[in-house]
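Peer 1: Quick mapping for you: the protein sequence lines, in order, are chains A and B.
With this note's numbering, you'll find the first sequence wraps up at 184, consecutive numbering, no jumps.
With this note's numbering, you'll find the second sequence wraps up at 368, consecutive numbering, no jumps.
By construction, the Cβ of each residue, glycine as well, lies at the ideal position given by its N, Cα and C atoms.
Quick one: the structure is below, and I'll ask about it shortly.
Number of protein chains: 2
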Amino acid sequence: MSSMPKVKREKILKSETLFKGKNLNLHRLTVELPSGKLFEDEIIERPSEVAIIPQISRNEIILTKQFRRGVGEILLELPSGKVKRGETILTAARRELEEETKYKAKKLEKLTETLVAPSWSTSKCTFFLARELIVDSHPRPHDPDENIEVVRLTFKKALAKVASGKIKDTKTVLGLLLAKRFFA
Amino acid sequence: MSSMPKVKREKILKSETLFKGKNLNLHRLTVELPSGKLFEDEIIERPSEVAIIPQISRNEIILTKQFRRGVGEILLELPSGKVKRGETILTAARRELEEETKYKAKKLEKLTETLVAPSWSTSKCTFFLARELIVDSHPRPHDPDENIEVVRLTFKKALAKVASGKIKDTKTVLGLLLAKRFFA
């Protein structure tokens, strides 16, 4: 009851898996609140993710357009994807960049790692700046189920699309702001 | 098979609710890919959220510390929360600011709205800059289950904590970068 209460850790008493899916698992946690009361909450387990900021020239970036099932819209985004089992996050970033854009990066620099929605998900995302891009001369054979469009635009134009609300994917807005200092 | 394929919308054929929880619902979508093939995927439905950047002086901000169940850690974050049924996002921002920090804002300005994880969730977050803060003279009675700490720090210090990885909650990193221009 002090005027400046201190936050306390909750004790996690139980974690029960309610659903295992292709891309996420659902768990129900039972926690003990600092008051001693028990409380149940749902959390979503997701694989770690990578997002790549591909700098194609001093003042230009590569983005992708994809249909996003969570919101039912086509969005303009940074290349990104899940880290597969056995991959390092660096390997995943390299693979996702190549798969989604058909470019390889000679330089791939980690910028930062963030928690996507820590109150209800385990999801993490690591951001990489990709530079010295070269066209992949041996791209994988075309996958008929691939549904992605590669867009090259000035960094300035990308920032304008953030300001106007045309770019609204969180990782993309954040990645652009994090990489701003690298662009002319 | 053109060298510059265009992205296409997927047709959502079916949406089946697998779980209804306190804070999220889980749906299984069946979609038709552009190739005609059917594909199943899981998505998480969440209420909209608000995040507030409380500017307490020209160069200081209010943050909160909370235990976050998704990652099992105490995190330093912007005040934030879910929009309740029947509330506008502005009302929710006002309520969350007051509940979490005990401050009221004379000015509450919408900065932007983003999609939290659009490939697998409906979740949206709207950012507000809160200014002309005054201490709430009639705060709600103390809730023994409330587990939150209010922290006042310079904006510069908050940015240093982003750079050092001490602040790693996505909405907080993004909100600070979005509001940078308002601070001395």
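How many angstroms separate the CA atom of Glu194/B from the CA atom of Glu60/A?
Peer 2: So the two alpha carbons sit approximately 29 Å from each other.
Peer 1: I'd like to know whether the C-beta of Ser199/B is nearer than 8 Å to at least one C-beta of chain A.
Peer 2: Ser199/B does not count as touching chain A.
Peer 1: Using the three-state DSSP reduction, which class does Ile89/A fall into: helix, strand or coil?
Peer 2: In this structure, Ile89/A counts as helix in the three-state DSSP scheme.
Peer 1: To be precise: take each residue of the segment 94 to 124 of chain A, compare its Cβ to all Cβ atoms of chain B, and keep it if any distance is under 9 Å. Which residues remain?
Peer 2: For the segment 94 to 124 of chain A, which is checked against every Cβ of chain B, the residues closer than 9 Å are Thr112, Glu113, Thr114, Leu115, Val116, Ala117, Pro118, Ser119, Trp120, Ser121, Thr122, Ser123 and Lys124.
Peer 1: Helix, strand or coil: how does DSSP classify Arg69/A here?
Peer 2: Arg69/A: coil per DSSP, three-state reduction.
Peer 1: With a threshold of 8 Å between beta-carbons, can Ser186/B be considered close to chain A, or not?
Peer 2: Bear in mind that the predicted position of Ser186/B carries a pLDDT of just 41, short of 50, making it unreliable; the figure below should be weighed with that in mind. False, the Cβ-Cβ gap to chain A never drops below 8 Å.
Peer 1: So, is the C-beta of Gly254/B closer than 8 Å to a C-beta in chain A?
Peer 2: It does; some Cβ of chain A falls within 8 Å.
Peer 1: Which residues does DSSP pair with Ala130/A in a beta bridge?
Peer 2: Per DSSP, Pro54/A and Leu108/A.
Peer 1: Whole angstroms are fine: how far does the CA of Ser219/B sit from the CA of Leu260/B?
Peer 2: Cα to Cα, the separation comes out at about 45 Å.
Peer 1: Per the contact definition of three or more C-beta pairs closer than 8 Å, is the segment 222 to 232 of chain B in contact with the segment 311 to 327 of chain B?
Peer 2: Because the criterion of three Cβ pairs below 8 Å is not met, the segment 311 to 327 of chain B and the segment 222 to 232 of chain B do not touch.
Peer 1: Distance check for Lys290/B and Thr275/B, CA to CA, integer angstroms please.
Peer 2: Looking at the two C-alpha atoms, the distance is approximately 13 Å.
Peer 1: Output the distance between the C-alpha atoms of Ile52/A and Leu129/A, rounded to the nearest integer angstrom.
Peer 2: Approximately 6 Å, taken between the alpha carbons.
Peer 1: Enumerate in chain order the residues of its own chain whose CB-to-CB distance from Lys198/B is below 6 Å, with the five nearest sequence positions on each side excluded.
Peer 2: Here the set comprises Thr214.
Peer 1: Give the single residue among Gly86/A, Leu176/A and Glu42/A whose Cα lies nearest to the Cα of Ala117/A.
Peer 2: Closest by alpha carbon: Glu42/A.
Peer 1: Could you tell me whether any Cβ in chain B is nearer than 8 Å to the Cβ of Lys161/A?
Peer 2: Not one chain B Cβ lies under 8 Å of Lys161/A.
Peer 1: Helix, strand or coil for Leu360/B per DSSP?
Peer 2: Three-state DSSP puts Leu360/B in a helix.
Peer 1: From Gly270/B to Lys65/A, what does the alpha carbon distance come to, in whole angstroms?
Peer 2: One C-alpha to the other measures close to 34 Å.
Peer 1: Three-state secondary structure (DSSP) at Phe183/A?
Peer 2: Residue state, collapsed to three classes: coil.
Peer 1: For chain B, check one thing: does any of its Cβ atoms lie closer than 8 Å to the Cβ of Asp145/A?
Peer 2: True, the Cβ-Cβ gap to chain B drops below 8 Å.
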